Amino acid sequence: MGARARTAGVVALTLVLTGFSGCAWRTHSPIVLPPAIAEPAALPGGHDACPLCGEPAEEAQIARRILAVVIDNHPLSRPQAGLTRACLVFEFPVEGGMTRFLAMYLCREAPVLLPIRSLRPYFLDWAAE
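Here this note's numbering = 1-based position in the sequence shown + 377.
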């Protein structure tokens, strides 16, 4: 048997054996999720808790829609206005190694929001979480 035939046989045997290694039976353990909280806990004094930041908030504030705003994080665009008033702030990478903030407002209000940037489609997925 020639060297080429022997090498081809070893390669074929290796491919067959590695192909069968992916067919092993796996046992999956069930995923146990924590129980969902039905309603936010009421705070003393008759106030409810904001679902985003947990601070006391009026019922009318909690019933509003969440406002999500993309704010620039480039060094030349600083200082940002209104970012400290957000209930939640996420920092996300964008093109060019830069980042943007996704600020979410519900029970707090910011009179000025600057610098606002355009929305990327993947920000909607992150905001929905």
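We put the CB at the ideal spot given by N, CA and C, even for glycine. Note that this is a predicted model, so its numbers are computed, not measured.
Proximity to Q457 [Cα-Cα], best of P412, L490, P498 and L496: L490
Check this for me: beta carbons of L483 and Q438, under 8 Å apart or not? yes
Can you tell me whether G387 is buried or exposed, with buried defined as 16 or more other CB within 10 angstroms of its CB? For the sequence presented, residue 387 should be read as Val rather than Gly. Counting Cβ neighbours within 10 Å, V387 comes out exposed, since fewer than 16 surround it.
Between A434 and G459, which are expected to be in contact by the criterion C-beta below 8 Å, what is the C-beta distance as a whole number of angstroms? That pair is no contact at about 18 Å.
Answer with buried or exposed for I448, where buried requires no fewer than 16 other C-beta atoms within 10 angstroms of its C-beta. buried
Assign R477 to buried or exposed, taking buried as 16 or more other Cβ atoms, counted over all protein chains shown, within 10 Å of its Cβ. buried
Out of R485, P492 and M481, which one is the CA nearest neighbour of F500? M481
Same chain, Cβ closer than 6 Å to V471, neighbours up to 5 away in sequence not counted: R477
Under 8 Å by Cβ, that's how I've got P492 and S454 pegged, so tell me the actual separation to the nearest angstrom. 5 Å
Just curious, the beta strand (DSSP E) that L479 is in, first and last residue? T476 to Y482
Whole alpha helix (DSSP H) elements within the stretch 416-465, 4-residue minimum: 436-439
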